[in-house]
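Student: First, the structure itself, so that you have it in front of you.
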Amino acid sequence: MSRNHHNTLTILSPYLQWFLKATQLLLLITLAGALVFVVPVSAQLAELSQTKAGNILGTVNDVNNDPVPDATVVLQASGGNRLTSATKDDGTFAFHDVTPGPYQVTITAEGFAEWTSTASLEPGQDKTLSDIKLRITAVQRTVTVGYSQKEVAQQQLKAEEQQRVLRFIPNMYV
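When we follow my numbering, the leftmost residue of the sequence shown carries the number 15, and every step to the right adds one.
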């Protein structure tokens, strides 16, 4: 490097340092000291870091610490985005590539009371939801039993036939 180029870089060096700090830009400089181009990298990195997806994981157990398989897990974002998953046989669930932000987590399973909580996911975070315990609750089912009109008619005919047969037996009044 010639002395003139070195002096120019020395004089520009404090200015370039200030420029880098003030604008948060990355300057790429060749070995000869010439400015090649300016790339606004830090602004893009800041934007990417704000939207970098994360993961939400957890295990659903009952009050006896037994896993609850096939429970429905719903992540509801404040912006309306909704994700749904089901727990595996060991009670675990996972949501991958989740957009950072606040979520309401709701877990339901047949025979258990609904569990609800809130969670906030930071950019790039692996968030593990712990202490998820579902309480057992009573299951209500309505069962309707009935006969079709055809089945009722068949039963009525059988009763009439029995009465006719019984008329032929002595001392039997129908």
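No residue lacks a Cβ here, since even glycine has one placed at the ideal position from N, Cα and C.
Just how far apart, CA to CA, sit proline 184 and glutamine 168?
Tutor: One-based indexing of the sequence shown puts residue 184 at position 170. One-based indexing of the sequence shown puts residue 168 at position 154. Taking the straight line joining both Cα atoms gives about 27 Å.
Student: May I have the straight-line CA-CA distance separating lysine 147 from proline 116, to the nearest angstrom?
Tutor: Residue 147 sits at position 133 when you count from the first residue of the sequence shown. Residue 116 sits at position 102 when you count from the first residue of the sequence shown. Distance between the alpha carbons of lysine 147 and proline 116: 21 Å.
Student: Specify the secondary structure class of glutamine 170 as computed by DSSP and reduced to three states.
Tutor: Residue numbering aside, residue 170 sits at position 156 when the sequence shown is read from its first letter. Three-state result, glutamine 170: helix.
Student: Between Trp129, Gly125, Gln118, Asp145, which has its C-alpha nearest arginine 96's C-alpha?
Tutor: For this step, residue 96 is matched to residue 82 along the sequence shown. Nearest of Trp129, Gly125, Gln118, Asp145 to arginine 96, Cα basis: Gln118.
Student: From the DSSP output, which residues share a beta bridge with valine 88?
Tutor: Here the question's residue 88 lines up with position 74 in the sequence shown. Bridge partners of valine 88: Thr98, Thr120.
Student: Within 10 angstroms of its Cβ, does threonine 98 collect 16 or more other Cβ (buried), or is it exposed?
Tutor: Residue mapping note: residue 98 aligns to position 84 of the sequence shown, counting from 1. So threonine 98 ends up on the exposed side.
Student: Find out if the Cβ-Cβ distance for the pair valine 74, glycine 105 is shorter than 7 Å.
Tutor: As a working mapping, residue 74 is identified with position 60 in the sequence shown. As a working mapping, residue 105 is identified with position 91 in the sequence shown. Cβ atoms of valine 74 and glycine 105: closer than 7 Å.
Student: Can you pull the DSSP bridge partners for threonine 130?
Tutor: Indexing the sequence shown from 1 puts residue 130 at position 116. Its beta-bridge partners are Thr120.
Student: Assign valine 157 to one of three DSSP states: helix, strand, or coil.
Tutor: Your numbering for residue 157 matches position 143 in the sequence shown. It is coil, neither helix nor strand.
Student: Given a cut-off of 7 Å on the beta-carbon distance, is the pair threonine 101 and proline 83 in contact?
Tutor: Residue mapping note: residue 101 aligns to position 87 of the sequence shown, counting from 1. Residue mapping note: residue 83 aligns to position 69 of the sequence shown, counting from 1. Against a cut-off of 7 Å, the Cβ pair of proline 83 and threonine 101 comes out as a contact.
Student: Does valine 179 pass the burial test, meaning 16 or more other C-beta atoms within 10 Å, or should it be called exposed?
Tutor: Taking the first residue of the sequence shown as position 1, residue 179 is located at position 165. Exposed is the call here.
Student: DSSP state of threonine 65, grouped into three classes?
Tutor: Locating residue 65 in the sequence shown gives position 51, where the first residue counts as 1. The answer is helix: DSSP assigns threonine 65 an H, G or I state.
Student: Less than 7 Å between the C-beta atoms of glycine 87 and phenylalanine 107, yes or no?
Tutor: Counting from one through the sequence shown, the residue named residue 87 turns up at place 73. Counting from one through the sequence shown, the residue named residue 107 turns up at place 93. Strictly speaking, residue 87 in this sequence is valine, with glycine absent from that position. It is a contact, given that the beta carbons lie within the stated cut-off.
Student: Sort out for me which residues DSSP pairs glycine 115 with in a bridge.
Tutor: Walking along the sequence shown from the start, residue 115 turns up at place 101. Note: glycine 115 sits in a beta bridge opposite Leu135.
Student: For threonine 122, which residues in the same chain have their Cβ closer than 7 Å to its Cβ, ignoring the five residues on either side in sequence?
Tutor: In the sequence shown, residue 122 corresponds to position 108, counting from 1. Result list for threonine 122: Ala85, Thr86, Glu128, in chain order.
Student: In whole angstroms, what separates the C-alpha of glycine 125 from that of glutamate 175?
Tutor: Within the sequence shown, the letter at position 111 stands for residue 125. Within the sequence shown, the letter at position 161 stands for residue 175. CA-CA distance, glycine 125 to glutamate 175, rounds to 49 Å.
Student: Rank Gly93, Gly138, Lys172 by C-alpha distance to the C-alpha of alanine 67 and give the top, closest one.
Tutor: As a working note, residue 67 is residue 53 in the sequence shown. Checked all of Gly93, Gly138, Lys172; the closest Cα to alanine 67 is Gly138.
Student: Is valine 82 helix, strand or coil when you go by DSSP?
Tutor: Along the sequence shown, one-based indexing puts residue 82 at 68. Coil.
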